[in-house]
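First up is the structure itself, then whatever we jot down about it.
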Amino acid sequence: MDVSSISQDLATIDGQIEDILRALSNGFQKLEKIKDPNRQNRQLDELTEKMRECKRLIKEFEREWRAEESKNTTSVNKMLNDRKQWMIKELNTFVVLKKGYAGSLGNKRAELFDRAEVGNGPGEENVFLASSMNNQQLMDTGNRMMNETDQAIERSKKVVEDTVNVGAETAAALKAQTEQMSRIVNELDSIHFSMKKASQLVKEIGRQVATDRCIMALLFLIVVGVIAIIIVKIVNPKNKDIRDIPGLAPPVSRKLLWDHQYYR
5 MDVSSISQDL
15 ATIDGQIEDI
25 LRALSNGFQK
35 LEKIKDPNRQ
45 NRQLDELTEK
55 MRECKRLIKE
65 FEREWRAEES
75 KNTTSVNKML
85 NDRKQWMIKE
95 LNTFVVLKKG
105 YAGSLGNKRA
115 ELFDRAEVGN
125 GPGEENVFLA
135 SSMNNQQLMD
145 TGNRMMNETD
155 QAIERSKKVV
165 EDTVNVGAET
175 AAALKAQTEQ
185 MSRIVNELDS
195 IHFSMKKASQ
205 LVKEIGRQVA
215 TDRCIMALLF
225 LIVVGVIAII
235 IVKIVNPKNK
245 DIRDIPGLAP
255 PVSRKLLWDH
265 QYYR
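Residue numbers for the sequence shown follow our numbering, so the first one is 5 and each next one is one higher.
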């Protein structure tokens with residue numbers, strides 16, 4: 005399956021990457037034939053720029069593929085992923101070659117620099133060799149080097165002390181933060197326990213309130229029933245269907261102490 009049959013944009017990027025990889029291959033072959041270090045450096049800089057562009061295009065290829073990944077089939081996505089891995093492998097090959105050439109060119113530049121510094125040319129009367137120094141000059145040079153070494157050691161000690169102090173301060177700060185976090189965790193546990201107890205108390209109060217309401221409603225119904233019976237008894241005392249309420253006797257007929265028929 006060809007990339008052009010999947011997406012025209014991917015095919016364009018794929019073609020650009022192939023062109024750069026081909027140019028890199030030709031460029032490194034040309035680099036092997038160049039003997040001048042300066043020309044080698046220029047050629048290596050051009051190849052490095054091409055590798056950066058190739059890396060950018062590979063990332064763009066992956067972005068375009070990922071944008072259409074959900075629409076593609078599994079086989080298409082696997083093919084595109086294999087294609088991307090091949091591009092990365094090829095580019096890494098040229099990166100390794102570039103590092104090798106850069107190391108060799110760096111060594112050559114160091115050799116040229118050393119020759120220019122210690123060469124026996126005119127105007128280099130101030131360059132002293134150990135064989136031409138007398139004992140006093142050797143002692144002075146040795147003392148100067150020892151002093152410089154001692155100063156470097158003192159600077160290193162200062163850096164180490166500063167690092168140790170910073171590490172101790174950091175450890176103290178971390179310990180304080182750990183203790184603070186432990187206190188916060190304990191407080192959160194206490195709050196959680198208090199909230200749980202409060203929730204249980206609210207539930208108990210709710211049940212008690214519901215029970216009290218039921219009792220009050222029952223008492224209210226009893227009182228209303230008693231009042232209704234009393235009213236009915238008062239209005240219709242001869243109604244036998246309603247039993248007398250205990251403690252509430254029906255009205256009795258009172259006899260007058262003075263009965264005029266008795267004394268007639």
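Just so you know, even glycine gets a beta-carbon here, dropped at the ideal spot from N, CA and C.
Keep in mind that this is a model prediction, so the values were computed, not measured.
Inter-residue spacing [alpha-carbon to alpha-carbon] between residue i and residue j
| i | j | result |
| --- | --- | --- |
| SER135 | ILE157 | Low confidence applies to SER135: its pLDDT is 42, below 50, so where it sits in the model is not reliable, and the reading given next is rough at best. If I take the Cα positions, the gap works out to 29 Å. |
| LEU225 | VAL236 | 16 Å |
| VAL99 | THR77 | 33 Å |
| ASN96 | ILE21 | 13 Å |
| ASN240 | GLN204 | 54 Å |
| ARG211 | LEU223 | 18 Å |
| GLY279 | VAL80 | This structure leaves residue 279 out entirely; the chain is present only between 5 and 268. |
| ARG217 | ALA202 | 22 Å |
| ARG148 | GLN155 | 11 Å |
| GLU165 | GLU173 | 12 Å |
| ILE195 | GLU183 | 18 Å |
Cβ-Cβ distance between residue i and residue j below 8 Å
| i | j | result |
| --- | --- | --- |
| GLU50 | GLY31 | yes |
| GLU68 | SER8 | no |
| LYS34 | GLN47 | yes |
| THR52 | LYS103 | no |
| PHE65 | ILE24 | no |
| MET55 | LEU14 | no |
N-terminal and C-terminal residue of the alpha helix (DSSP H) that residue i is part of
| i | result |
| --- | --- |
| GLU36 | 12 to 37 |
| GLU68 | 41 to 71 |
Subject >> the region 61 to 70 / the region 90 to 104 touching (three or more Cβ pairs under 8 Å) >> reply: The region 61 to 70 vs the region 90 to 104: in contact.
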